[in-house]
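Residue numbers (our numbering): 2 to 244.
Working notes for the structure below.
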């Protein structure tokens with residue numbers, strides 16, 4: 002499950018360019034204009050994104066630790082399959098969201114709005130962004146912005162039931178978003194023309210959904226993936242490829 006979650010998180014981050022542009026594009030464009038005599042805009046961009054990704058990793062560690070705490074209860078046999086099933090369902094929903102087939106992630110963003118209302122006032126301490134330290138601080142705060150994609154991957158981190166693995170999955174997602182946000186900052190006008198391109202987003206969304214479908218099959222019919230299971234009998238060599 003860990004390898005599957007890492008791959009899905011990275012692909013989701015890479016595929017979420019349009020969503021990232023809507024959520025963080027304005028902040029990134031502001032950071033591109035560094036004060037006179039200050040560090041170049043590349044430094045501001047990387048400082049902001051370092052803070053943002055650090056918050057993702059922290060949130061992933063907390064979610065993984067929460068899942069791990071659940072496994073320490075007497076209900077371990079019941080909780081672990083349910084968490085695995087939940088993570089797989091969220092990957093399917095996230096994949097469909099990336100293809101544009103559903104807006105199901107919107108309710109997750111609404112659910113996290115109450116936390117953002119408490120964090121947002123702290124941004125006044127780092128605005129305007131006149132130093133790398135403030136850019137880093139803004140990134141740390143912005144990492145907690147309500148985002149359906151982030152929350153979907155966080156649920157996967159929860160299902161892993163490990164603080165370390167949860168942090169790693171969110172780190173992979175954050176690194177996947179990095180090319181998009183760096184590109185938005187440096188080549189905003191050029192990338193604006195590509196925002197309507199749907200084929201790459203649909204393909205990536207289908208890939209993420211496929212990870213989720215595999216997880217669902219593994220959770221609901223684990224025997225089918227054994228060396229003598231139905232799938233491995235029908236598809237020779239499949240058992241050696243699957244985790």
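Ideal placement from N, C-alpha and C gives every residue a C-beta, glycine not left out.
For residue j and residue i, the rounded distance between their alpha carbons
{"i": "residue 103", "j": "residue 95", "result": "9 angstroms"}
{"i": "residue 7", "j": "residue 98", "result": "18 angstroms"}
{"i": "residue 85", "j": "residue 57", "result": "21 angstroms"}
{"i": "residue 48", "j": "residue 185", "result": "15 angstroms"}
{"i": "residue 195", "j": "residue 181", "result": "The pLDDT assigned to residue 195 is 48, lower than 50, so where the model puts this residue is not dependable, and the model offers no usable value."}
{"i": "residue 191", "j": "residue 64", "result": "Low local confidence applies: a pLDDT of 49 at residue 191 is under 50, so the model's placement there is unreliable, and no value is given."}
{"i": "residue 212", "j": "residue 131", "result": "42 angstroms"}
{"i": "residue 172", "j": "residue 221", "result": "28 angstroms"}
{"i": "residue 116", "j": "residue 135", "result": "21 angstroms"}
{"i": "residue 178", "j": "residue 120", "result": "22 angstroms"}
{"i": "residue 133", "j": "residue 183", "result": "16 angstroms"}
{"i": "residue 217", "j": "residue 45", "result": "41 angstroms"}
{"i": "residue 5", "j": "residue 128", "result": "39 angstroms"}
{"i": "residue 68", "j": "residue 2", "result": "14 angstroms"}
{"i": "residue 207", "j": "residue 151", "result": "18 angstroms"}
{"i": "residue 166", "j": "residue 93", "result": "20 angstroms"}
{"i": "residue 108", "j": "residue 155", "result": "15 angstroms"}
{"i": "residue 9", "j": "residue 168", "result": "14 angstroms"}
{"i": "residue 118", "j": "residue 214", "result": "35 angstroms"}
{"i": "residue 42", "j": "residue 83", "result": "45 angstroms"}
{"i": "residue 111", "j": "residue 124", "result": "20 angstroms"}
Candidates the options: closest to residue i by CA position
{"i": "residue 219", "options": "57, 88 and 58", "result": "88"}
{"i": "residue 204", "options": "16, 108, 221 and 93", "result": "16"}
{"i": "residue 66", "options": "53, 162, 138 and 11", "result": "162"}
{"i": "residue 62", "options": "159, 221, 120 and 140", "result": "159"}
{"i": "residue 157", "options": "90, 52, 12 and 45", "result": "90"}
{"i": "residue 153", "options": "43, 44, 215 and 209", "result": "209"}
{"i": "residue 146", "options": "52, 177, 206 and 69", "result": "52"}
{"i": "residue 13", "options": "113, 165, 100 and 59", "result": "100"}
{"i": "residue 126", "options": "117, 133, 60 and 138", "result": "138"}
{"i": "residue 55", "options": "141, 123 and 68", "result": "141"}
{"i": "residue 70", "options": "207, 83, 206 and 164", "result": "164"}
{"i": "residue 50", "options": "155, 68 and 175", "result": "175"}
{"i": "residue 113", "options": "5, 148 and 2", "result": "148"}
{"i": "residue 122", "options": "11, 143 and 10", "result": "143"}
{"i": "residue 11", "options": "214, 215, 170 and 207", "result": "170"}
Where the alpha helix (DSSP H) through residue i begins and ends
{"i": "residue 16", "result": "3-16"}
Identify every run of the beta strand (DSSP E) within the stretch 117-183, keeping only runs that are complete inside it and at least 3 residues long; order them along the chain.
none
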